[in-house]
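Visitor: Mapping the sequence shown onto my numbering, position 185 (from 1) lands on 902, and the numbers just tick up by one.
Handing you a structure now.
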Amino acid sequence: MHTYIGVDIGTTSTKTLLYDDNVNIMASTTDFYPLLNNLPDMAEERPDEIFNAVLSGIKTVLNEGKVDSKGVAAVSFSVQQHSLMAVDGDGNPLTNLLTWADNRSEKIVSNLKRDNPALAKELYTRTGVPTHPMAPIFKLKWLKEASPEIFKAAKYWVGIKEYILFRLFGEWISDYSVSSSTGFLNLKNLDWDPIALNWVGITKEQLPRLTSSTDSITGLKPEFASELGLDSQTPFVLGASDGALSNVGVGAITDDTLAVSIGTSAAIRSIVDHPLIDEKGRVYCYPLIPNKKWIIGGPINNGGVIFRWLRDRIFDDLKEKNLDIDLYDYLTGLAGDVPAGANGLIFLPYLEGERAPIWDANARGSFFGLNESHSRKEMTRAVLEGIIYNIYSVMLSMREVTGNIDNIMATGGFARSELWCQMMADIFEANVKVPEAFESGTLAAVILAKISLGEAEDLSEVKKHIGAVKTYAPNPDSFPRYRELMDIFISVTRNLSDDFQSISDYQRKYQNL
718 MHTYIGVDIG TTSTKTLLYD DNVNIMASTT DFYPLLNNLP DMAEERPDEI FNAVLSGIKT
778 VLNEGKVDSK GVAAVSFSVQ QHSLMAVDGD GNPLTNLLTW ADNRSEKIVS NLKRDNPALA
838 KELYTRTGVP THPMAPIFKL KWLKEASPEI FKAAKYWVGI KEYILFRLFG EWISDYSVSS
898 STGFLNLKNL DWDPIALNWV GITKEQLPRL TSSTDSITGL KPEFASELGL DSQTPFVLGA
958 SDGALSNVGV GAITDDTLAV SIGTSAAIRS IVDHPLIDEK GRVYCYPLIP NKKWIIGGPI
1018 NNGGVIFRWL RDRIFDDLKE KNLDIDLYDY LTGLAGDVPA GANGLIFLPY LEGERAPIWD
1078 ANARGSFFGL NESHSRKEMT RAVLEGIIYN IYSVMLSMRE VTGNIDNIMA TGGFARSELW
1138 CQMMADIFEA NVKVPEAFES GTLAAVILAK ISLGEAEDLS EVKKHIGAVK TYAPNPDSFP
1198 RYRELMDIFI SVTRNLSDDF QSISDYQRKY QNL
């Protein structure tokens, strides 16, 4: 029996799943690692901890699945986007891994937008990557100024998957999907972009070799083949970014279908047949399958992390009492007792700055419309609605670029909440469908492996494996309330743009971190 291993390398953990030949889950495990954020705007990880998590995950699922490791047909990857690290000529790390959440290049970005908006727009048009500190192009520019000795010593600039594959195989290689999120890949010719390279001051020889998401690499180093129990010729399929594969894994593979994912962060995406650029720079566009499929969408900083803040900061008294209840369920229950619209209370969910659609690392959160009648119940409802309002505003930007979008597929931890799914249906005024398959990233990675091996023709193969789908129909009674509040939400966000800058500067100056 052939088996497949899907490895999902996320921001705070790596999930590893073992699948049988019919793409049924046989074993799974999750390995966690810390996010280092002891300095303002810093969000780093230790690359070797992630590498060890990948090794541990593969060994664990093979052991728990009780299968012959020699029967593994392929290992395939889903991986976090926008990561960056410097390595020397031998592949030794010169820095930690800077994640998408690292905002220390914010001044680089704001200065570029202010001093050379034409170049900022040209870089976006050429690469499809919005002008924001998440992108490695701006992180690298910041490192060049902040740590010139590291910039000079660096032989290569890579992301976490490239580092892992180099450790395992001794070759610097990357797929187009992940590489496109760096800000260095030209969207049209799918090669490293000379204008982006020249602006930062590096050469294409310092970046990995480019290849397709369905290509594979073999020749696992003997020490790792022995440790993992795998044949050295087991193909490791490049796979793609976690964002793109989240779409594939729920069957959202046509341009009339959106995939919405809310975990710690959030995202909304659609797969299209040709590259699309937003004249206002509000959404990204990356290749998934070269010359066949592109992905357009917006990543959102403030997803489930806001719900966690609500639990830990606003309801900290309940947390300290250590009650024998699930506080997330309790908070959802409170929100369910409040009518749609939270009795006129709006929450701007920008606690972590924001990417799409406003692309402002200085954005900050606030309650708007707060009066003496509001309690923690309304605040809870407003927080949950605010997250969905923000996602909806990204959808409005996408619709201007792609046209009508008829279907919404929901995934991520929030999709387990009936209240959140119903809120989304009511705010979007559309059916929201939740597939049974929650591990969409590794499922999609395995589908790419099957395509690579010639066992599947194209991405539509995934629809055989996503299981049953639950549909949430919108409630028309909620439409008028949400339409009014959505207009206010967008207006307040726009009007606070300059004040976001001022308050974030104040916080950096005086906050005791």
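Every residue gets a Cβ at the ideal spot worked out from N, C-alpha and C, and that includes glycine.
What alpha helix (DSSP H) runs, 4 residues minimum, are completely inside the region 872-935?
Guide: 877-886, 893-896, 911-917, all fully within the region 872-935.
Visitor: Let me know if Ala1190 comes out buried or exposed under the rule of 16 or more other beta-carbons within 10 Å of its beta-carbon.
Guide: It is exposed - the Cβ of Ala1190 has fewer than 16 other Cβ atoms within 10 Å.
Visitor: Is the separation between the beta-carbon of Val1000 and that of Gly1015 shorter than 8 angstroms?
Guide: yes
Visitor: Identify the continuous alpha helix (DSSP H) that holds Asn780 and give its terminal residues.
Guide: Asn780 -> alpha helix (DSSP H) spans 764-782.
Visitor: Among Arg1133, Arg1030, Tyr1003, which has the Cα closest to the Cα of Lys905?
Guide: Tyr1003
Visitor: With a threshold of 8 angstroms on Cβ separation, who are the neighbours of Ile934 within its own chain once the five nearest residues in sequence on each side are excluded?
Guide: Leu882, Phe886, Glu888, Ile890, Pro952, Phe953, Leu955
Visitor: Can you tell me whether DSSP reads Val1045 as helix, strand or coil?
Guide: A quick correction: the sequence has Tyr, not Val, at residue 1045. Reduced to three states, the DSSP call for Tyr1045 is helix.
Visitor: For the putative contact between Leu947 and Val724, defined by C-beta atoms under 8 angstroms, what is the C-beta separation to the nearest angstrom?
Guide: Under the criterion of beta carbons closer than 8 angstroms, Leu947 and Val724 do not qualify as touching, at roughly 13 angstroms.
Visitor: Nearest to Gln1228 by alpha carbon, out of Asp758, His719, Thr729, Thr746?
Guide: Asp758
Visitor: Can you give the Cα-Cα distance for Leu1230 and Ala1147, rounded to whole angstroms?
Guide: In this prediction, Leu1230 has a pLDDT of 46, which is less than 50 and means its spatial position is unreliable; what the coordinates show is noted afterwards. Spanning the two alpha carbons is a distance of roughly 43 angstroms.
Visitor: Who are the Cβ neighbours of Asp1222 in its own chain at under 7 angstroms, not counting the five residues just before and after it?
Guide: none
Visitor: With DSSP as the reference, label Thr974 as helix, strand or coil.
Guide: strand
Visitor: Between Thr746 and Thr733, which are expected to be in contact by the criterion C-beta below 8 angstroms, what is the C-beta distance as a whole number of angstroms?
Guide: 5 angstroms
Visitor: Touching or not, the region 961-981 and the region 1042-1054, by the rule of three or more beta carbon pairs under 8 angstroms?
Guide: When C-beta atoms of the region 961-981 are compared with those of the region 1042-1054, fewer than three pairs fall below 8 angstroms, so the two segments do not count as touching.
Visitor: Which partner residues of Trp1011 appear in the DSSP bridge assignment?
Guide: Under the DSSP definition of a beta bridge, Trp1011 partners with Val989, Pro1004.
Visitor: For His849, does the count of other Cβ atoms within 10 angstroms reach 16, so buried, or fall short, so exposed?
Guide: Burial check for His849: the Cβ neighbour count within 10 Å reaches 16 or more, so the residue is buried.
Visitor: Check whether the Cβ atoms of Met1096 and Ile1031 lie closer than 8 angstroms to each other.
Guide: If you check the CB distance, Met1096 and Ile1031 come in under 8 angstroms.
Visitor: Below 8 angstroms on the Cβ atoms is my contact criterion, and I expect Glu1069 with Asn1018 to pass it. Report the Cβ-Cβ distance as a whole number of Å.
Guide: 4 angstroms
Visitor: Taking DSSP as the reference, what is the three-state secondary structure of Val740?
Guide: coil
Visitor: Helix, strand or coil, according to DSSP, for Pro834 in the structure here?
Guide: Pro834 sits in a helix when the DSSP states are folded into three classes.
Visitor: If you draw a straight line from the C-alpha of Val977 to the C-alpha of Glu1153, how long is it?
Guide: 15 angstroms
Visitor: Could you round the C-beta distance between Ala770 and Thr731 to whole angstroms and report it? I think they count as a contact, below 8 angstroms.
Guide: 4 angstroms
Visitor: To the nearest angstrom, how far is it from the Cα of Met851 to the Cα of Ser1114?
Guide: 19 angstroms
Visitor: Within 10 angstroms of the Cβ of Leu1040, are there 16 or more other Cβ atoms? Answer buried if so, exposed if not.
Guide: exposed
Visitor: For Leu1101, which residues in the same chain have their Cβ closer than 6 angstroms to its Cβ, ignoring the five residues on either side in sequence?
Guide: Ala1052
Visitor: Between the alpha carbons of Arg1211 and Ala984, how many angstroms are there, rounded?
Guide: 21 angstroms
Visitor: Just grab the DSSP bridge partners of Pro757 for me.
Guide: Answer is none; Pro757 lacks a bridge partner.
Visitor: Compare the Cα-Cα distances from Ser827 to each of Phe1217, Met1112, Lys1226 and report the closest residue.
Guide: Phe1217
Visitor: List, from N- to C-terminal side, the beta strand (DSSP E) runs of 3 residues or more that fit wholly inside the region 1010-1091.
Guide: 1010-1017, 1063-1065, 1083-1085
Visitor: Taking C-beta to C-beta, are Ile1183 and Ala1173 nearer than 8 angstroms?
Guide: For Ile1183 and Ala1173, no; Cβs fall outside 8 angstroms.
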